[in-house]
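Participant: After the structure tokens below, expect a handful of questions from me.
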């Protein structure tokens, strides 16, 4: 397997280079052939949008005379492209941006008189970056831009390793950063951070296969737009809509929001079913106060439960309210089912108090690359040990 590492830092021994060293060492230890190109050592011109690269779908075809052909050839010949750059003004450095602009045209033959192919479709792309802010505030826009870039180019985004530098005059590299760099490499080498063969979301899938893998909401929305499906609603609604379309070809309209009708008359009993389009009323409040006590209130979690459990009995509702209160006392806030990442991270730390967010994310990316559910399991920790056991792990049952 070949990895092409494009280094976008102007400093040869800078933070990005230091972070790359243990990463590259671990990749090579796992049998990868890693080639590296320092962009600041190359003559790289910005794209001039002449579109001459669109005339021949077999080659790069750019008329600018510089070192870009070398980079094109290296990227075309690799399995994994790694973009390593410090963050300057919330994005990559100028030569890295120039390379991305040149590749998006040279690799994607979309822009001529007739739309052509993507020459690098299916390759994996990963990010290694350093920044002065916390990564979630310093590298987030860079990652968001690259994930869109990947979708447009039919690349497989494999994740990001981002580390913070606390300031000039402080030492950047330490043992913990090196360990995280090695763990990131291990995830890429194994079945971890996106390198598993999760199928592309397209019309060739059936609903069973589709439901077995994790897709971002923006991927679901993009699929809906491409295939004429409504894009309104949350992730769960989009999932159901797409599953129906994959199996039947039917386009289902979003569920209409009905206006609440007149409340049913008479006393509520524990055996009665919770009505559709449940609306809080004084009649309901009186029932719950009688069964639960004067301290009862329609908290947000309980309202959501009532609206999501039409058909269950009011006896079930009383039991659910008690459970919500118990969870609240434990400090465990209920998280909606569509926020699988949040739930996973919370449960990871509940089981691994001493571990870091980076380790939690490695395990999350490992889990979402596998078929089956996306709930945390202790076996997911195998993703942190290089994946030897993970390769033989029994796949989780749906």
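Residue numbers (UniProt numbering): 1 to 398. Cβ coordinates follow ideal geometry from the N, Cα and C atoms, glycine included.
Just to confirm, is the Cβ distance from residue 157 to residue 119 under 7 Å?
Facilitator: Taking 7 Å as the Cβ cut-off, residue 157 and residue 119 do not qualify as a contacting pair.
Participant: Quick test of the definition: if touching needs 3 or more C-beta pairs under 8 Å, does the segment 27 to 37 touch the segment 135 to 154?
Facilitator: Cβ pair count under 8 Å is below three, so no.
Participant: Using only CA atoms, which one of 188, 232, 240 lies nearest to residue 210?
Facilitator: When only C-alpha atoms are compared, the closest one is 240.
Participant: Which ranges does the alpha helix (DSSP H) cover as unbroken runs of at least 4 residues, wholly within the UniProt domain "DUF6434" (266 to 323), from first to last along the chain?
Facilitator: You should have 282 to 292, 300 to 308.
Participant: How do the segment 181 to 189 and the segment 19 to 30 stand: do at least 3 beta-carbon pairs fall below 8 Å, yes or no?
Facilitator: With a cut-off of 8 Å, the segment 19 to 30 and the segment 181 to 189 count as touching, because enough Cβ pairs lie within range.
Participant: Please state the DSSP three-state secondary structure of residue 166.
Facilitator: Coil, per DSSP.
Participant: What ranges does the alpha helix (DSSP H) occupy inside the UniProt domain "NADPH-dependent FMN reductase-like" (1 to 133), keeping only unbroken runs of at least 4 residues that lie completely in it?
Facilitator: Listed in chain order, they are 15 to 29, 68 to 76, 94 to 106.
Participant: So what's residue 353 in DSSP terms, helix, strand or just coil?
Facilitator: Residue 353 falls in the coil class under three-state DSSP.
Participant: Using three-state DSSP, classify residue 233 as helix, strand or coil.
Facilitator: Coil, per DSSP.
Participant: Could you tell me which residues DSSP puts in a beta bridge with residue 157?
Facilitator: For residue 157, which the question treats as bridged, DSSP gives the partners 125.
Participant: How would you label residue 166, buried or exposed, when you count the other beta carbons within 10 angstroms and need 16 or more for buried?
Facilitator: That one is exposed.
Participant: Let me check understanding here. Comparing Cα to Cα, which of 84, 253, 325, 111 lies closest to residue 55?
Facilitator: Ranking 84, 253, 325, 111 by Cα distance to residue 55 puts 111 first.
Participant: Reducing DSSP to helix, strand and coil, say where residue 207 ends up.
Facilitator: Three-state result, residue 207: helix.
Participant: Rounded to whole angstroms, what is the Cα-Cα separation between residue 317 and residue 328?
Facilitator: Going from the Cα of residue 317 to the Cα of residue 328 covers about 16 Å.
Participant: If residue 271 sits next to residue 313, beta carbons under 8 Å apart, how far is it from one beta carbon to the other, in whole angstroms?
Facilitator: Yes, they are in contact, since the Cβ atoms of residue 271 and residue 313 sit about 6 Å apart, within 8 Å.
Participant: Whole-angstrom Cβ separation of residue 63 and residue 47, contact assumed at under 8 Å?
Facilitator: Their Cβ separation, rounded to whole angstroms, is 11 Å, which puts residue 63 and residue 47 out of contact at 8 Å.
Participant: Classify residue 204 as buried or exposed, calling it buried when 16 or more other Cβ atoms lie within 10 Å of its own Cβ.
Facilitator: Classification for residue 204: exposed.
Participant: So, helix, strand or coil for residue 135, using DSSP?
Facilitator: Three-state result, residue 135: helix.
Participant: Looking at residue 141 and residue 90, is the spacing between their C-beta atoms short of 7 Å?
Facilitator: Taking 7 Å as the Cβ cut-off, residue 90 and residue 141 qualify as a contacting pair.
Participant: Quick check: what's the CA-CA separation for residue 358 versus residue 20?
Facilitator: Between residue 358 and residue 20, the C-alpha separation is close to 17 Å.
Participant: Counting contacts by CB-CB distance shorter than 7 Å, is residue 236 in contact with chain D?
Facilitator: Absent here is chain D; the protein component of the structure consists of one chain.
Participant: What residues in its chain sit with their C-beta under 6 Å from that of residue 86, if we drop five residues either side in the sequence?
Facilitator: Answer for residue 86: 9, 16, 130, listed in chain order.
Participant: Please state if the CB of residue 66 and the CB of residue 44 are separated by a distance shorter than 7 Å.
Facilitator: Yes, they are a contact pair.
Participant: From this set, 59, 385, 377, which residue's C-alpha is nearest residue 350's C-alpha?
Facilitator: Closest option to residue 350, Cα to Cα, is 377.
Participant: Would you mind sorting residue 135 into buried or exposed? The rule is 16 or more other CB atoms within 10 Å of its CB.
Facilitator: Classification of residue 135: buried, given that the 10 Å Cβ count is 16 or more.
Participant: Classify residue 232: buried if its beta carbon has 16 or more other beta carbons within 10 angstroms, exposed otherwise.
Facilitator: Exposed.
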